[in-house]
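So the sequence shown is numbered by this note's numbering: it starts at 750 and just counts up by one.
Remarks on the structure that follows.
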Amino acid sequence: MKTAIILLSAGLSKRYGGSRSKLLEPLGKRRVIDITINSLKHACPSGEIYLVSTPEFRKESALDLRWIEGGARRQDSARNGIISVEADRYLIHDAARPFISKQLVDRLLDALSSFDGVAPGLPVTDTLKRISNNSIFETPDRNEFVFVQTPQALKAESAKKAFQSVDWNVEYTDDLAVMEKAGFKTGIVEGEPENIKITRPEDLIRAKEIYKNFSKGFYDAND
Numbered sequence: 750m751k752t753a754i755i756l757l758s759a760g761l762s763k764r765y766g767g768s769r770s771k772l773l774e775p776l777g778k779r780r781v782i783d784i785t786i787n788s789l790k791h792a793c794p795s796g797e798i799y800l801v802s803t804p805e806f807r808k809e810s811a812l813d814l815r816w817i818e819g820g821a822r823r824q825d826s827a828r829n830g831i832i833s834v835e836a837d838r839y840l841i842h843d844a845a846r847p848f849i850s851k852q853l854v855d856r857l858l859d860a861l862s863s864f865d866g867v868a869p870g871l872p873v874t875d876t877l878k879r880i881s882n883n884s885i886f887e888t889p890d891r892n893e894f895v896f897v898q899t900p901q902a903l904k905a906e907s908a909k910k911a912f913q914s915v916d917w918n919v920e921y922t923d924d925l926a927v928m929e930k931a932g933f934k935t936g937i938v939e940g941e942p943e944n945i946k947i948t949r950p951e952d953l954i955r956a957k958e959i960y961k962n963f964s965k966g967f968y969d970a971n972d
């Protein structure tokens, strides 16, 4: 089966700040985007990687990858990738998550035998409160919730139908939300705490600590 990895990197890094993309920040001697790509190659060796980005990032990153132009929103970039690429299944991944393991990808792809779309999830350990104007009106059961990560695995046929049929004026914060809205069966597999998303400068500090162990076997110890 052909697996296409749609790597989303068209974001503007507004929450990160600074004058350039967070994906170009160094972890050791390598950039975040380079580590993400290398991790994906190890985790899914047969997958073909497609970079969905702005022309500016494509030029600045100087990556030798198949390229698809990104959209204004994350969901637009994901749809551009899905419409542009023919495959049997997609792995849609946020490029700002550099630490993807083979075990995680295997769990995702195996779960596609039962679902049209699946994502990694971590249990919620904090208490949740539902609020309105700073007033609490409900304490939901946290066991009914998970923190969702990427990559998210989708059956290609189902994904193409979903991404071209739902109301596109609605804001979808992840790919499974589109699949759910279109009526497809979606599920969760166990995520990984190390699979963090670099969103703010403090996330880069944590990422550097994770990278010290994650990079073993990938690069030289001094990298």
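Every residue, glycine too, gets a C-beta built ideally from N, C-alpha and C.
Residue i: first and last residue of the uninterrupted alpha helix (DSSP H) it sits in
i    : result
R955 : P950 to F963
S770 : No alpha helix (DSSP H) holds S770; DSSP gives it neither H nor E.
A931 : Unbroken run through A931: none, as it is neither H nor E.
Proximity below 8 Å, CB of residue i to CB of residue j
i    : j    : result
V897 : V915 : no
I832 : P900 : no
I754 : A845 : no
S863 : G936 : yes
R838 : T752 : yes
L853 : N944 : yes
A902 : G866 : yes
K771 : V781 : yes
L925 : A836 : no
S802 : S758 : yes
L776 : K957 : yes
F894 : V873 : yes
For residue i, the first and last residue of its enclosing beta strand (DSSP E)
i    : result
V801 : E797 to S802
L985 : The first residue shown for the chain is 750 and the last is 972, placing residue 985 beyond what the model contains.
L814 : Neither: L814 is in no beta strand (DSSP E) and is coded neither H nor E.
L756 : T752 to L757
F886 : S884 to E887
V895 : V895 to V897
Residue i (DSSP reduced to helix, strand or coil)
i    : result
K904 : strand
S850 : coil
G830 : helix
S914 : coil
V867 : strand
I947 : coil
D843 : strand
T785 : helix
E835 : coil
E809 : helix
L857 : helix
R823 : helix
Neighbour-count burial assignment, residue i, 16 or more Cβ in a 10 Å radius
i    : result
E774 : buried
V834 : buried
S884 : exposed
N962 : exposed
R891 : exposed
P889 : exposed
Q824 : buried
A811 : exposed
P804 : exposed
P847 : buried
N829 : buried
Indicate whether the contact test is met: 3 or more Cβ pairs, each with one atom in the region 808-823 and one in the region 905-914, closer than 8 Å. no
At least 3 beta-carbon pairs within less than 8 Å: the region 848-859 vs the region 872-880: no
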